[in-house]
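Here the protein sequences come in this chain order: F and E.
One gets my numbering by counting positions in the first sequence from 1 and adding 221 to each.
One gets my numbering by counting positions in the second sequence from 1 and adding 9 to each.
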Amino acid sequence: MQHHKEYIPKDYAGKLAKTFIRNPLTMILGIFLVAIGYISLEVMPREENPQMVVSGSTVIVALPGATAKEIEKIIVKPLERKLKEVKGVEHIYGMAMDNVGIVNAAFFIGEAKEDSNLKIYDKIMQNTNMFPQGTMNPIIKPLDIDVDIPVLSVAFYSNNKEMKKTELYDRVKEIQHHINGLDNVAVTELKGGSHHQFNIEVDINKLSGYNLSLGQIKSSVEALAYNVPAIKNRTAESTIAMLGIKNAIDNADDIGNIIVAQYMGSPIYLNQVATVTSSYDIQNFQRVTISTKEENGVFSPFQEQVTLTVSKLQGTNAVIIADEVKNELEKYKEFLSKNGINYVITRNDGERANEAVNELVFHLLLSIVIIAILLIFVLGWRESLIVTFTVPAILAITLFVAYLTGQTINRITLFAFLLSLGLLVDAAIIVIENIHRHYHSVESLHETPDELMIKATDEIGPPTNIATLAIIMTMVPMAFVGQMMGQFMKPIPANVPVALIASLFVAYIFTPYLAVRILKRPGHKKGEH
Amino acid sequence: MFAKFEQLVLKGIQNPMQRKLILLGTLLAFILSVLMIAPTKMVLAKMLPGKNNDTFTIYVKLATGSSIEQTQQVTQCISQYVIQEKEATDTEVFLGMGAPLDFAGLIKGSHFKNSENVAEIVVNLTKKHDREEPSYMMVQRMRPVIQSNCEKLYPNTEISFVEPPAGPPTMAAIVAEIYGNDSQGIRELAHKVENVFKSTEGLVDISIMQDQIYESFEVIVNSTKIAKSGVDIKQLNNILYLAFEGMQIAVKNSEQYNDQIPIFLSLSRKSKEFSKKDLLSIKSKLASLKLMNSMGLMIPVTELVEIKTKKSNPMILSKNLHKMTNVMAETDMVSQVYPLMDARNKILDTFQNEYDIKKIGLFNLELTNKADGKIYKLTWDGEMEVTLDTFVELGAAFIAALVLIYLLMVIYYKSYVLSGIILLGSFLSIIGVIVGHWIWDLITPDTFFLTATSLIGFIALIGISSRNSLLLIDFTKSLMHEKGMHKAEAIAYSSATRAKPIFLTAVAIMLASLLLANDAVFGGLGVSLIFGTIAAVIASLIVVPVLLYMTDLETQFHFHERKAVSIEDPL
Numbered sequence: 222m223q224h225h226k227e228y229i230p231k232d233y234a235g236k237l238a239k240t241f242i243r244n245p246l247t248m249i250l251g252i253f254l255v256a257i258g259y260i261s262l263e264v265m266p267r268e269e270n271p272q273m274v275v276s277g278s279t280v281i282v283a284l285p286g287a288t289a290k291e292i293e294k295i296i297v298k299p300l301e302r303k304l305k306e307v308k309g310v311e312h313i314y315g316m317a318m319d320n321v322g323i324v325n326a327a328f329f330i331g332e333a334k335e336d337s338n339l340k341i342y343d344k345i346m347q348n349t350n351m352f353p354q355g356t357m358n359p360i361i362k363p364l365d366i367d368v369d370i371p372v373l374s375v376a377f378y379s380n381n382k383e384m385k386k387t388e389l390y391d392r393v394k395e396i397q398h399h400i401n402g403l404d405n406v407a408v409t410e411l412k413g414g415s416h417h418q419f420n421i422e423v424d425i426n427k428l429s430g431y432n433l434s435l436g437q438i439k440s441s442v443e444a445l446a447y448n449v450p451a452i453k454n455r456t457a458e459s460t461i462a463m464l465g466i467k468n469a470i471d472n473a474d475d476i477g478n479i480i481v482a483q484y485m486g487s488p489i490y491l492n493q494v495a496t497v498t499s500s501y502d503i504q505n506f507q508r509v510t511i512s513t514k515e516e517n518g519v520f521s522p523f524q525e526q527v528t529l530t531v532s533k534l535q536g537t538n539a540v541i542i543a544d545e546v547k548n549e550l551e552k553y554k555e556f557l558s559k560n561g562i563n564y565v566i567t568r569n570d571g572e573r574a575n576e577a578v579n580e581l582v583f584h585l586l587l588s589i590v591i592i593a594i595l596l597i598f599v600l601g602w603r604e605s606l607i608v609t610f611t612v613p614a615i616l617a618i619t620l621f622v623a624y625l626t627g628q629t630i631n632r633i634t635l636f637a638f639l640l641s642l643g644l645l646v647d648a649a650i651i652v653i654e655n656i657h658r659h660y661h662s663v664e665s666l667h668e669t670p671d672e673l674m675i676k677a678t679d680e681i682g683p684p685t686n687i688a689t690l691a692i693i694m695t696m697v698p699m700a701f702v703g704q705m706m707g708q709f710m711k712p713i714p715a716n717v718p719v720a721l722i723a724s725l726f727v728a729y730i731f732t733p734y735l736a737v738r739i740l741k742r743p744g745h746k747k748g749e750h
Numbered sequence: 010m011f012a013k014f015e016q017l018v019l020k021g022i023q024n025p026m027q028r029k030l031i032l033l034g035t036l037l038a039f040i041l042s043v044l045m046i047a048p049t050k051m052v053l054a055k056m057l058p059g060k061n062n063d064t065f066t067i068y069v070k071l072a073t074g075s076s077i078e079q080t081q082q083v084t085q086c087i088s089q090y091v092i093q094e095k096e097a098t099d100t101e102v103f104l105g106m107g108a109p110l111d112f113a114g115l116i117k118g119s120h121f122k123n124s125e126n127v128a129e130i131v132v133n134l135t136k137k138h139d140r141e142e143p144s145y146m147m148v149q150r151m152r153p154v155i156q157s158n159c160e161k162l163y164p165n166t167e168i169s170f171v172e173p174p175a176g177p178p179t180m181a182a183i184v185a186e187i188y189g190n191d192s193q194g195i196r197e198l199a200h201k202v203e204n205v206f207k208s209t210e211g212l213v214d215i216s217i218m219q220d221q222i223y224e225s226f227e228v229i230v231n232s233t234k235i236a237k238s239g240v241d242i243k244q245l246n247n248i249l250y251l252a253f254e255g256m257q258i259a260v261k262n263s264e265q266y267n268d269q270i271p272i273f274l275s276l277s278r279k280s281k282e283f284s285k286k287d288l289l290s291i292k293s294k295l296a297s298l299k300l301m302n303s304m305g306l307m308i309p310v311t312e313l314v315e316i317k318t319k320k321s322n323p324m325i326l327s328k329n330l331h332k333m334t335n336v337m338a339e340t341d342m343v344s345q346v347y348p349l350m351d352a353r354n355k356i357l358d359t360f361q362n363e364y365d366i367k368k369i370g371l372f373n374l375e376l377t378n379k380a381d382g383k384i385y386k387l388t389w390d391g392e393m394e395v396t397l398d399t400f401v402e403l404g405a406a407f408i409a410a411l412v413l414i415y416l417l418m419v420i421y422y423k424s425y426v427l428s429g430i431i432l433l434g435s436f437l438s439i440i441g442v443i444v445g446h447w448i449w450d451l452i453t454p455d456t457f458f459l460t461a462t463s464l465i466g467f468i469a470l471i472g473i474s475s476r477n478s479l480l481l482i483d484f485t486k487s488l489m490h491e492k493g494m495h496k497a498e499a500i501a502y503s504s505a506t507r508a509k510p511i512f513l514t515a516v517a518i519m520l521a522s523l524l525l526a527n528d529a530v531f532g533g534l535g536v537s538l539i540f541g542t543i544a545a546v547i548a549s550l551i552v553v554p555v556l557l558y559m560t561d562l563e564t565q566f567h568f569h570e571r572k573a574v575s576i577e578d579p580l
């Protein structure tokens, strides 16, 4: 081999290629990158939709007895004006109804949640004096997407017709407490079901018959249902004796036996004018029912049900929480079926998220395979192998960066990956194509493979750098798109540039490294040497 | 193959006729593709298309003041259709409240529902992979059947179908906000707009966000009689409430149950019922309800009060401190842009007799009632507004991207002309994007919309195709500089040599995007990338060489001396 001047790389591309081409750590670096990428994919929280920063608060002020027009004038309008002073509020919605006024302040998308909630709370608390006399304390309900939207809902229903209406609710309430204790579960709520209640239903005709008023009944029941703490007293021997006072009401009969008045000398008991039952909250008009498709394909008749909803803390993995809840429910299956209670999961966002993620990961792999096959035909299988290897390395770096910046894996993140997939093989293809061209050209026969790799990489360095920079430039303005849509699309400008930069490094470091080991120089030309 | 291409380019760029032809053809293609969007509507725009879901919710709203029993009748009517669906697995009815909150419900106010006239029905479907019919087609099929059969049970019943949105949730596809100072006038105008919506094709689930005014009764306390009879007003109000609504008057703590057990007092259902909804039966019922005064005498309530009929007080809505009512509509598998334009034109045509109409902004209207001179404003909100904002912002992002790339190229080449050529070359990919959407629309059964993701794809394309031109120009430069090639040859040779990697990267992008193209949400992005890349390849291999030939490359590359070598002898 002739002596000639060593090739000095002019661009970062060639410099990187030169540094790593004979470095023993390059292989380890490659394995390390893929490993951290895989770990990131496994540990990153999965969700169906990307997290959005949406802040807002609803202020509810009740003034019993006021008409809608009065509420508008004395509650809604002043409140709207006050909330308008808060910085960052985009829209204010006011609703004035009979007895109650509701004002909703929606912040600009992207305003920090905690700050916004605090600002509203502060504003209301500073101005409590603006509410007219007789108003009840204002209720401030901040909007919290993570906590407000359950990721899981389970419907419990009973096949046992004998079961008391309130029993289902009681049983589910016990389970709710256990579910709430699971890690990362934020809020659990129950919808539907009947609560336990003693009902005193007074017959108006009997009432007039005994010449009684409702007020008398009210005060006599109130008088009896009075609790006091236990009484502590000392004995002569200086010890303490506790005197507990039992509540006079123990069951429905106790209430029925309350004497409400005396009539011609004989007592009138409550159950003479009213039916007293220990049953459920009859005044509640809300009802929840369910019908499920049975094995024979026919829907069961609608049954009363209680739905338990579970929401997760922000930034936690919906998939894991959903699985944990499912496992927890399995534990109670026996307890429930003993009581004739069945359950069906009516919403599982964790499963949906997992499905969406897995489907997209599958698409990602499929795309890589398709591109690899294409490259086999055009460049040869060795070149194809090299390009195919760079893809997981690039994706791994991108995933790791996404993990570090606190992102979650969701539909949009994966679409960002799919979008960048088409772009990120480019750098590697351009490098490998140039290496391929030089390898097969007559002019470069005298050069060593190492040098040729470095030269080929260096040659296309500047235009590839600029071109990649150009694509990154196109993504940058997208990060400034506001509104919901901007928030929703944020993973694209956040991840595509990272993937592109990673693709440059990987192309400059690993493509020559692998090429020098895997590629074979055309044999017939060696003889001419 | 590449040698032939080299000859073709060499001949093409040196022939003035062919040059003109290529440039004219490009211009024509560009104009035609732009025409496809605007006047001919061959390609329809929408923010985001529908998404195939495993669940959807049916919102039921009866007229304000309806009872839970009436609401239940409507939900039963709907359920009987739902349970006939083969692909439904279970269904839950939430009477008098909202279903567990979801993205759509959060914006539509599902969590505030707490009245007897509302209900939500959740329908869960089999997994989308095992189901042939997409959820949006199911909804489209069920909607007319259920609405025509169940809405007629009670007047003013509104049944709407809510699907989890593909993107960010909005109030409704189209929201017309009607502002004004006069509640009655807003009401009238809202009804007129509602009727316009109802007659507009493609709009469904039309509703006005307002309470119906219904007949109610008012108890008017006669203070003189109260004072004389020795009862106080508070006592009277309390007893009335206790008798008919009932009250939890005490609680009992329980070790056995999870909650305190309330003790609830009320008249029994049977004895408190009014026999009819009229003044007389209410009076007769109140006559049997008695109060005890301070002297222990029983006084019938009717002695102390008068009862009158009155209209109920509807809710007063306001947005940003202005009185407002929303008229909302969903679109039935079509873009919201075109029905909105139709509805707006109809408003412009038919409202002229009663209102003076002034156009403000892009689509908004100001209506002045000719009779009383009161002014109303009609502004559009909802998905339409979000679409418009998003398209405007993405458009701005696109322009910013163009400027940034141009500046980058100017820094790299130190030439305005070359940077201009690169930019022009990349801009031509828009032809592919638009034509691609038209082709995809032809081959897919549903309407394929130009969406926000299409625009994102287009923005990304600018970068991709500028890379192609860049590699080409860079290679031409080095050929001319280092090998001393003549301009035409250098351009032809580099086009031919760079054709391979350009093709390769283009095919890689197209293959990677092929899987995107079938997705509901990101289909636009996929199609943009596939067809935009084709256009970009053609542009950078045919149009860019022509443009390059027509510029004085030696000056643009800042060569100090002309390196002229004969065409016939390249090396």
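Ideal Cβ placement from N, Cα and C applies to all residues, glycine included.
In this text the structure is predicted, and so the values were computed from the model without any measurement.
Query, Result
"Whose C-beta lies closer than 6 Å to the C-beta of Thr288 of chain F among residues of the same chain, with five residues either side of it excluded?", "Asp319"
"Apart from the five residues on each side of it in sequence, which residues of its chain come closer than 7 Å, Cβ to Cβ, to Phe709 of chain F?", "Pro271, Met273, Ile633"
"Tell me Tyr188 of chain E's beta-bridge partners as DSSP assigns them.", "E:Met333, E:Lys386"
"Quick check on this structure: which residue in F:Thr609, F:Ile470, F:Glu306 has the alpha carbon closest to the alpha carbon of Asp343 of chain F?", "F:Glu306"
"Examine chain E for any beta-carbon lying closer than 9 Å to the beta-carbon of Tyr553 of chain F, and answer yes or no.", "no"
"Taking just the CA atoms, how far does Asp287 of chain E sit from Phe352 of chain F?", "37 Å"
"So what does DSSP say about Phe531 of chain E, is it helix, strand or coil?", "coil"
"Who are Glu269 of chain F's beta bridge partners in DSSP?", "DSSP lists no partner for Glu269 of chain F."
"Output needed for Glu749 of chain F: all residues of its chain with C-beta closer than 6 Å, excluding positions within five of it in sequence on either side, in chain order.", "Per-residue confidence for Glu749 of chain F stands at a pLDDT of 41, beneath the threshold of 50, marking its modelled position as unreliable; the derived number appears in the next sentence. Here the set comprises nothing."
"Would you say the beta carbon of Leu110 of chain E comes nearer than 8 Å to a heavy atom of the ligand COA?", "The ligand COA is not part of the structure shown, which contains no ligands of any sort."
"Could you spell out the range, first to last residue, of the beta strand (DSSP E) harbouring Asn373 of chain E?", "373-378"
"Please report the straight-line C-alpha distance between Leu71 of chain E and Ser124 of chain E, rounded to a whole angstrom.", "10 Å"
"Figure out for me which residue from F:Ser662, F:Ser521, F:Ile562 has the closest Cα to the Cα of Glu383 of chain F.", "F:Ile562"
"Can you check which of these residues, E:Ala410, E:Val184, E:Leu459, E:His495, is closest to Pro348 of chain E by C-alpha distance?", "E:Val184"
"Can you give me the start and stop residues for the beta strand (DSSP E) that Arg568 of chain F sits inside?", "562-569"
"Which one or two residues does DSSP pair with Met318 of chain F in a beta bridge?", "F:Val321"
"Under 9 Å, CB to CB, which of the residues in the stretch 439-472 of chain E have a partner in chain F?", "Ala461, Thr462, Ile465, Gly466, Ile468, Ala469, Leu470, Ile471, Gly472"
"Provide the residue(s) that pair with Arg455 of chain F in DSSP beta bridges, ordered along the chain.", "F:Ile461"
"So which of F:Phe610, F:Phe621, F:Glu515 has the shortest CA-CA distance to Val264 of chain F?", "F:Phe621"
"Could you give the residue range of the beta strand (DSSP E) that holds Val375 of chain F?", "373-379"
"Does the beta carbon of Met351 of chain F sit closer than 9 Å to a beta carbon anywhere in chain E?", "no"
"Gly436 of chain F touches chain E at which residues, Cβ-Cβ below 9 Å?", "Gln244, Asn247, Ile248, Leu251, Leu300, Met301"
"By the criterion of Cβ-Cβ separation under 7 Å, what are the contact partners of Ile591 of chain F in chain E?", "Leu520"
"Quick check: what's the CA-CA separation for Ala691 of chain F versus Leu640 of chain F?", "16 Å"
"Taking a contact to mean a Cβ-Cβ separation below 9 Å, would you say Gly541 of chain E touches Leu524 of chain E in this structure?", "no"
"Excluding five sequence neighbours on each side, which residues of the same chain lie with their C-beta closer than 8 Å to the C-beta of Phe226 of chain E?", "Leu288, Ile291, Ile316, Lys317, Thr318, Lys319"
"From this set, E:Asn247, E:Asp268, E:Gln23, which residue's C-alpha is nearest Ser275 of chain E's C-alpha?", "E:Asn247"
"Taking C-alpha atoms, which residue in F:Asp391, F:Asp404, F:Gly402 lies nearest to His416 of chain F?", "F:Asp391"
"According to DSSP, is Pro613 of chain F part of a helix, a strand, or is it coil?", "helix"
"I'd like to know whether the C-beta atoms of Lys367 of chain E and Thr359 of chain E end up nearer to each other than 9 Å.", "no"
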